[in-house]
Amino acid sequence: MVRTPSYDKNGLKKGTWTREEDKKLMDYIATHGCSNWRQLPKHAGLSRCGKSCRLRWINYLRPNVRRGNFTQEEDKLILELHQSHGNRWSTIAKHLPGRTDNEIKNRWHSYLKSSSTNPKLHPIVANNLKTSKHKDDKTNEEVNINSLLDNATNDILESTPIVTPPLPSPSTISSLAPGINSGKSFGLEEGACSKQPIGERSGDFWTEPFLHDFEENVDCSTDDLLMPFHELGIQYPPSPIDEEKSFWFYGMHINK
DNA sequence: AAGTGCCTCAACCGCGGACGA
DNA sequence: GTCGTCCGCGGTTGAGGCACT
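Residue numbers for the first sequence follow full-length UniProt numbering, beginning at 1 and rising by one.
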């Protein structure tokens with residue numbers, strides 16, 4: 001499932017990303033953040049366009065990107081959200097921690113789309129169609145969707161294998177990754193690095209549930225989650241919160 | 001074992017919105 | 001108000017994997 005590498009007329013590389021390119025991109029973002037995608041490849045030493053770098057980061061390299069099979073809860077949520085939002089994949093993705101819009105879009109086209117027209121293919125779909133039968137009234141529909149979102153999101157969050165480290169203090173960050181403390185922090189917002197200082201972040205959608213998971217599911221599969229980083233030879237200093245159990249991204253150390 | 005077709009998913013393309021000059 | 005630039009989004013494609021014949 002890879003595209004043959006090629007070069008466009010401007011000499012920019014297209015196609016599959018190599019491990020070397022991944023490492024360069026991650027190395028650069030770890031140090032400088034990703035405030036300007038257009039300039040990033042030039043400064044990072046990549047022969048790629050900014051859009052390609054952004055896409056690679058968002059869909060593959062970004063921390064907390066959840067890879068692997070979709071759970072029933074996720075499928076259920078996607079179906080409900082698609083009923084209310086249509087093909088607004090980025091909107092839908094905001095309700096699925098760790099999933100990218102691209103992944104959800106692929107999931108829809110490859111599986112759920114056909115299942116929605118033929119519920120026999122997917123029991124979750126059949127149930128959804130049953131429960132949402134009388135959604136003519138818009139108010140009822142909104143209520144149903146909202147309650148379903150609450151339930152489904154809780155299900156996902158309770159079963160998610162993802163852990164996100166507690167947010168470090170700015171001083172910790174500056175000591176571990178020079179440059180990050182100058183407003184170029186790693187955020188967990190959709191698709192990009194937030195410019196909001198890390199210390200000011202608290203209690204948002206991305207951190208709260210994972211903090212809970214971090215406490216409850218310390219033995220989850222961080223190896224899987226960090227696979228791209230391990231493969232690239234990136235190591236993680238222990239979290240100041242719990243050195244034994246956690247992994248650490250915000251102040252990650254990259255071997256050179 | 002070889003051929004074929006479908007499935008999956010990473011990546012590209014083009015458009016539109018936001019924003020600043 | 002217009003233009004240019006940048007970014008994000010949704011649609012589409014390319015190619016490997018895999019099941020089936």
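The beta carbon of each residue, even a glycine, is placed where N, CA and C say it ideally should be.
- Within the same chain, L25, W37, L40, P41 and L46 come within 7 Å of C53 by CB-CB distance, once the 5 residues on both sides are set aside.
- Secondary structure at K9: coil, using DSSP grouped into helix, strand and coil.
- For the set R66, P97, H43 and D8, the Cα lying nearest the Cα of L77 is the one of P97.
- The beta-carbon separation of R56 and W89, rounded to 18 Å, does not stay under the 8 Å limit for a contact.
- When DSSP states are grouped into helix, strand and coil, K51 belongs to the helix group.
- Per the DSSP secondary-structure output, K14 pairs in a beta bridge with S6.
- Secondary structure of T91 (DSSP, three-state): helix.
- Taking every protein chain shown into account, the CB of T100 has 16 or more other CB atoms within 10 angstroms, so this residue is buried.
- For the 8 Å CB-CB criterion, N102 and N69 do not form a contact.
- Of Y111, N64 and V65, the smallest CA-CA separation from L79 is found for Y111.
- The three-state reading of DSSP puts W57 in helix, counting H, G and I together.
- Here D8 is exposed: its Cβ has fewer than 16 other Cβ atoms, across all protein chains shown, within 10 Å.
- Taking 8 Å as the cut-off, the beta carbon of K13 is found closer than this to the beta carbon of R48.
- With a threshold of 16 other beta carbon atoms within 10 Å, G11 falls short and is exposed.
- The residue from N106, A30 and T4 with its alpha-carbon nearest to that of D75 is N106.
- Counting other Cβ atoms within 10 Å of its Cβ, G33 reaches 16 or more and is therefore classed as buried.
- Boundaries of the alpha helix (DSSP H) harbouring R19: R19 to H32, taken from the DSSP string.
- Cβ neighbours of S6 within its own chain (closer than 7 Å, five residues either side excluded): K14 and G15.
- Going by DSSP, R107 is part of the alpha helix (DSSP H) stretching over D101 to R107.
- Non-local C-beta neighbours of I104 in its own chain, meaning closer than 8 Å and more than five positions away in sequence, comprise I78, W89, I92, A93 and L96, ordered along the chain.
- No Cβ-Cβ contact shorter than 8 Å links D27 with L61.
- Boundaries of the alpha helix (DSSP H) harbouring S84: Q72 to H85, taken from the DSSP string.
- The shortest CA-to-CA distance from K51 to any of S35, R66 and H109 is the one to S35.
- Each residue's CA atom was taken as its position, placing W108 and E20 some 32 Å apart.
- Take A44, set aside five residues on each side of it, and the residues of its chain with a beta-carbon closer than 7 Å to its own are K24, L25 and Y28, in chain order.
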